[in-house]
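All letters in the sequence shown, in the order written, are residues 8 to 404 by the working numbering.
By construction, the Cβ of each residue, glycine as well, lies at the ideal position given by its N, Cα and C atoms.
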Amino acid sequence: MTPNNHNTQTANLSQYGSGSYLASDVTVLLDIVDKDAVADVPVSHKEALIQSGQRHYSDMLTLEDAPSAMHEQLYIEALEQGKAKAATDIANLAYTLQQVFQPNVNNESPLILVSLVRAGLPIGVLLQHALADTNSSYALPSIHYGVSIIRDRGLDPVALQMILNNHPHSPIVFVDGWTGKGAIYQELAHSLEAFADPNHPNFANIFHQGMDVIPLLTLADPAGVAWLAASEEDWLIPSGLLNSTVSGLISRSLYTEPELGLHRSVFYDNLIEADHSLAFIDCIDATRLTLSILSTPLQCLPTYKQPRYQTADLIDTLAAEYNITNRNRIKPTIAEATRAILRRDPECILLASAEHPDTILLRHLCAQRHIPIRVLGDKILPYQAITLIKQRATDNE
Numbered sequence: 008m009t010p011n012n013h014n015t016q017t018a019n020l021s022q023y024g025s026g027s028y029l030a031s032d033v034t035v036l037l038d039i040v041d042k043d044a045v046a047d048v049p050v051s052h053k054e055a056l057i058q059s060g061q062r063h064y065s066d067m068l069t070l071e072d073a074p075s076a077m078h079e080q081l082y083i084e085a086l087e088q089g090k091a092k093a094a095t096d097i098a099n100l101a102y103t104l105q106q107v108f109q110p111n112v113n114n115e116s117p118l119i120l121v122s123l124v125r126a127g128l129p130i131g132v133l134l135q136h137a138l139a140d141t142n143s144s145y146a147l148p149s150i151h152y153g154v155s156i157i158r159d160r161g162l163d164p165v166a167l168q169m170i171l172n173n174h175p176h177s178p179i180v181f182v183d184g185w186t187g188k189g190a191i192y193q194e195l196a197h198s199l200e201a202f203a204d205p206n207h208p209n210f211a212n213i214f215h216q217g218m219d220v221i222p223l224l225t226l227a228d229p230a231g232v233a234w235l236a237a238s239e240e241d242w243l244i245p246s247g248l249l250n251s252t253v254s255g256l257i258s259r260s261l262y263t264e265p266e267l268g269l270h271r272s273v274f275y276d277n278l279i280e281a282d283h284s285l286a287f288i289d290c291i292d293a294t295r296l297t298l299s300i301l302s303t304p305l306q307c308l309p310t311y312k313q314p315r316y317q318t319a320d321l322i323d324t325l326a327a328e329y330n331i332t333n334r335n336r337i338k339p340t341i342a343e344a345t346r347a348i349l350r351r352d353p354e355c356i357l358l359a360s361a362e363h364p365d366t367i368l369l370r371h372l373c374a375q376r377h378i379p380i381r382v383l384g385d386k387i388l389p390y391q392a393i394t395l396i397k398q399r400a401t402d403n404e
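Following this line, the structure appears as structure tokens:
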């Protein structure tokens with residue numbers, strides 16, 4: 008549907024912002040609203056509203072505060088610890104994209120990276136920088152957008168149509184930071200069903216890897232659902248430890264009915280002094296360039312036509328053991344478990360190891376907030392951490 012205030016046929020996408028990123032890094036297709044116009048809902052109240060079915064999580068926000076000094080320090084340590092892996096992974100992803108798409112893209116029809124807001128944004132910016140590196144062996148014409156996706160409500164169709172109308176001959180790859188249970192993959196697949204008819208004018212933009220192949224790229228894919236991922240490891244992705252302050256100062260997106268326009272977001276201008284968004288990109292970029300100078304071998308990564316859902320049985324087992332009827336209360340991966348502690352009301356944290364260095368922040372937050380920890384060993388692998396959300400009402404989320 009064409010919204011009242013956005014002409015998707017003739018939209019000048021450069022009019023949209025980039026958060027705290029550079030305009031050349033990304034165009035974020037969100038309508039920015041004033042944070043003073045958004046109800047600031049306390050976490051415990053939000054949890055009750057979500058679980059009772061009174062409100063959807065994308066209809067409200069708990070406004071962010073600046074991370075604590077301890078949180079900042081743990082992020083800095085994680086960045087130092089993980090920058091080489093992140094840089095290597097980005098280089099390998101860029102090289103694989105270059106190998107796959109070089110025959111079919113050019114300056115007139117570049118590869119379109121569509122990052123899923125918010126976790127996809129830092130990864131998409133890093134890929135955009137890597138593909139723009141003309142001194143590398145993986146340079147490829149590309150343009151980067153950020154688009155909202157919301158569980159139960161899907162990918163923003165207005166934003167996607169704007170991109171398709173502006174780039175009718177370009178292939179699209181969707182970018183996210185990691186996979187947890189695979190819920191966002193399923194949401195993305197559902198949102199793209201409308202384009203799955205080979206006679207659809209935009210079929211080739213999306214299903215360029217084959218019928219029913221959802222072109223989702225992630226840095227880490229423990230759930231085993233991505234078309235392309237750097238690894239299936241649950242590791243301490245530094246950008247997963249912060250929220251807006253490593254994602255362009257953009258809030259989690261708020262839902263808007265398609266006929267009314269784009270999904271909405273708050274820009275946290277009050278957190279500018281705490282913002283790491285550009286510094287994170289600069290750090291990983293510099294490390295990637297160092298690897299290039301050292302002639303570190305590049306790897307063409309495997310791609311998958313269909314999801315493997317390799318952790319589905321584990322999620323089913325946990326749901327049965329903890330009497331959880333709503334899978335949305337299970338938040339696997341270090342990144343999702345950490346974000347759930349910061350944004351939700353946890354019942355407990357499950358860890359594979361009591362002393363794993365990648366879960367230091369998680370354990371710090373648990374001690375700070377008196378959240379119980381249960382160490383289950385290999386039972387929860389490949390995940391290192393899982394947060395179980397406290398049940399506040401009948402499971403209707």
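Buried/exposed call for residue i, threshold 16 Cβ in 10 Å
| i | result |
| --- | --- |
| LYS312 | exposed |
| ILE5 | Since the first residue of the chain shown is 8 and the last is 404, residue 5 is not available in this structure. |
| THR324 | exposed |
| GLY217 | exposed |
| GLN61 | exposed |
| SER21 | exposed |
| LYS386 | exposed |
| SER155 | buried |
| ASP38 | buried |
| PRO389 | buried |
| ASN99 | buried |
| LEU301 | exposed |
| GLU280 | exposed |
| LEU195 | buried |
| ASP163 | buried |
| GLU54 | buried |
| THR394 | buried |
| GLU71 | buried |
| GLY24 | buried |
Counterpart residues of residue i in DSSP-defined beta bridges
| i | result |
| --- | --- |
| ILE393 | PRO339 and LEU357 |
| ARG315 | Partner(s): none; ARG315 has no beta bridge. |
| HIS151 | LEU120 |
| PHE274 | ILE257 |
| ILE380 | ILE356 |
| ASP183 | THR225 |
| ASP47 | LEU68 |
| VAL4 | Within the shown structure, residues of the chain are numbered from 8 to 404, placing residue 4 beyond reach of any answer. |
| THR294 | In the DSSP output, where bridge partners are listed per residue, THR294 has none listed. |
| ALA203 | Beta-bridge pairing links ALA203 to no other residue. |
| SER144 | BP columns for SER144 are empty, so no partner. |
Identity of the residue in the options nearest residue i by Cα
| i | options | result |
| --- | --- | --- |
| LEU435 | VAL40, ALA55, LEU226 and SER51 | No information on residue 435 is available, as it lies outside the stretch 8 to 404 that the chain covers here. |
| PRO148 | ILE156, ILE130, LEU325 and GLN105 | GLN105 |
| MET169 | ASN212, LEU56 and GLU200 | ASN212 |
| PHE287 | ALA30, VAL253, GLU328 and SER198 | VAL253 |
| ALA46 | PHE202, SER177, LEU68 and GLN22 | LEU68 |
| SER31 | HIS136, ASN111 and HIS207 | HIS136 |
| PRO314 | PRO379, ALA230, ILE244 and ILE396 | ALA230 |
| SER272 | ALA44, ASP320, ILE244 and ASN19 | ALA44 |
| PRO364 | LEU195, PRO245 and TYR145 | PRO245 |
| ASN142 | GLN88, LEU298 and ASN277 | LEU298 |
| GLU406 | ASN173, TYR64, TRP242 and ASP96 | Not covered by the structure: residue 406. The range shown for the chain is 8 to 404. |
| ALA139 | ASP72, ASP163 and ASN113 | ASN113 |
| ILE97 | LEU134, ARG125 and GLN80 | LEU134 |
| GLN398 | GLU354, ILE380, GLY384 and PRO379 | GLU354 |
Cβ neighbours of residue i in the same chain (closer than 7 Å, five flanking residues each side left out)
| i | result |
| --- | --- |
| LEU249 | PRO74, TYR82 and HIS283 |
| TRP234 | GLN216, VAL220, ILE221, PRO222, LEU223, LEU224, THR310 and TYR311 |
| MET77 | HIS371 |
| ASN19 | none |
Cβ-based neighbour list, residue i, same chain, cut-off 6 Å, excluding 5 preceding and 5 following
| i | result |
| --- | --- |
| ILE150 | PRO117 and ILE119 |
| ALA392 | ILE341, ALA344, LEU358, THR366 and LEU369 |
| VAL382 | LEU358 and ALA361 |
| HIS318 | Inspection of the sequence shows that residue 318 is occupied by Thr rather than by His. ALA230. |
| ARG376 | none |
| VAL121 | TYR152, VAL154, ILE179 and PHE181 |
| GLN306 | ASN99 |
| VAL232 | THR186, GLY189, TYR192 and PRO314 |
| SER27 | GLY255, LEU256, ASP282 and SER284 |
| ALA427 | The structure shown does not extend to residue 427, since the chain is modelled only from 8 through 404, so no value can be given for it. |
| CYS373 | ILE356 and ILE380 |
Close Cβ partners of residue i (< 8 Å) along its chain, the five nearest in sequence each way excluded
| i | result |
| --- | --- |
| ALA190 | ARG158, ARG334 and ASN335 |
| VAL40 | LEU261, ARG271, SER272 and VAL273 |
| PHE210 | PHE202, ALA203 and ASP204 |
| ALA146 | GLN105, LEU138, ALA139 and ASP140 |
| LEU29 | LEU285 |
| ASN111 | PRO178 and HIS215 |
| TRP242 | GLY89, LYS92, ALA227, ILE341, ASP365 and GLN391 |
**Message:** Using a Cβ distance threshold of 8 Å, determine whether the segment 170 to 187 contacts the segment 330 to 347, with at least three qualifying pairs required.
**Reply:** yes
**Request:** Indicate whether the contact test is met: 3 or more Cβ pairs, each with one atom in the segment 236 to 243 and one in the segment 325 to 334, closer than 8 Å.
**Result:** no
**Contact the segment 169 to 184 vs the segment 128 to 136: 3+ CB pairs below 8 Å** = yes
**Request:** Take every Cβ of the segment 43 to 61, pair it with every Cβ of the segment 348 to 365, and state whether three or more of those distances are shorter than 8 Å.
**Result:** yes
**Prompt:** Is there contact here, the segment 193 to 204 with the segment 292 to 311, by at least three beta-carbon pairs under 8 Å?
**Reply:** no
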